[in-house]
Amino acid sequence: MSVFMQQLPALVGVVIGALGSYLVVVRGDQMRFRREQAARWEERRLAVYADYARSVKQTITLTYRVAAELGHGTHPDPLTPDEARPLLAEANVTRDPSGEALIMLGSRAVVEKGRAWVVTAMEMERFVRESEQDTAAWRALLEEQRAGRDAYYAAVREDLGLPPGHSARWPIRPAGPVPPQR
């Protein structure tokens, strides 16, 4: 038997081992690439979700300030409807691109909850623009906004695989003098 034939099984073993190593390395690289890509998209979605929430919250904060001026709230920095008008317009302009990014990158559930939340914010804006005086209607809008925010954040956490978070519903002291501490 020739030397080549004696070495053939070892040579076949080396080739199979090299091929197996190559396949394992390639497969590992593919899996790592997919994990990294998924992490990048998840980070991007989180940024889009947070940006959208910030833009909606900007409108809501402005409506809180005008509502305080109208006698419906206790925001420490009230605004008249005339002072708020350009700020609300700017908030709407700022919110549009973040809404488009949400539609592009968000899950269906997050987009639907985000839409419901922003519709309530727009209702709040209409309420203060028209200088309405119905305190009960304002309180109903506040409750609807809080529920909408909760639903949006819950959908975001579910989409990103995060555990449930805080509801952000904490008691607020009524306006008036601060009681003395003992």
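Quick note: the sequence shown uses this note's numbering, first residue 31, plus one each step.
Ideal Cβ positions, reconstructed from N, Cα and C, are used throughout, including at glycine.
All figures in this text were calculated on a predicted structure; none of them were measured in a lab.
Where Ala77 and Val186 are concerned, what is the direct C-alpha to C-alpha distance, given to the nearest angstrom?
-> 11 Å
Determine the closest residue to Tyr82 out of Gly129, Gly43, Leu38 and Val158, with distance taken between C-alpha atoms.
-> With distances taken between Cα atoms, Tyr82 lies closest to Gly129.
Extent of the continuous alpha helix (DSSP H) to which Thr190 belongs | Note on identity: in this sequence residue 190 is Leu, with Thr being the wrong assignment. Segment Thr165 to Leu190, the alpha helix (DSSP H) holding Leu190.
Measure the C-alpha to C-alpha separation of Ser166 and Arg84 and round it to an integer number of angstroms.
-> Residue identity check: residue 166 is Ala in the sequence provided, not Ser. Annotation: Ala166 to Arg84 spans about 26 Å, alpha carbon to alpha carbon.
With DSSP run on the structure shown, which of helix, strand or coil describes Leu118?
-> Looking at Leu118 - three-state DSSP - the assignment turns out to be helix.
Rounded Cβ spacing between Ala80 and Val158 (contact assumed at less than 8 Å) | About 25 Å separates the two Cβ atoms, so there is no contact after all.
Since Ala109 and Arg95 are thought to touch, with beta carbons under 8 Å apart, how far apart are those beta carbons, to the nearest angstrom?
-> Reading off the sequence, residue 109 comes out as Leu, not Ala. Rounded, the Cβ-Cβ distance is 4 Å, consistent with contact.
Alpha-carbon to alpha-carbon, Ala146 and Asp180 | If I take the Cα positions, the gap works out to 11 Å.
How about Thr89 and Ala151: are their beta carbons less than 7 Å apart?
-> Closer than 7 Å, so yes.
Glu73 to Glu174, Cα distance in whole Å?
-> 29 Å
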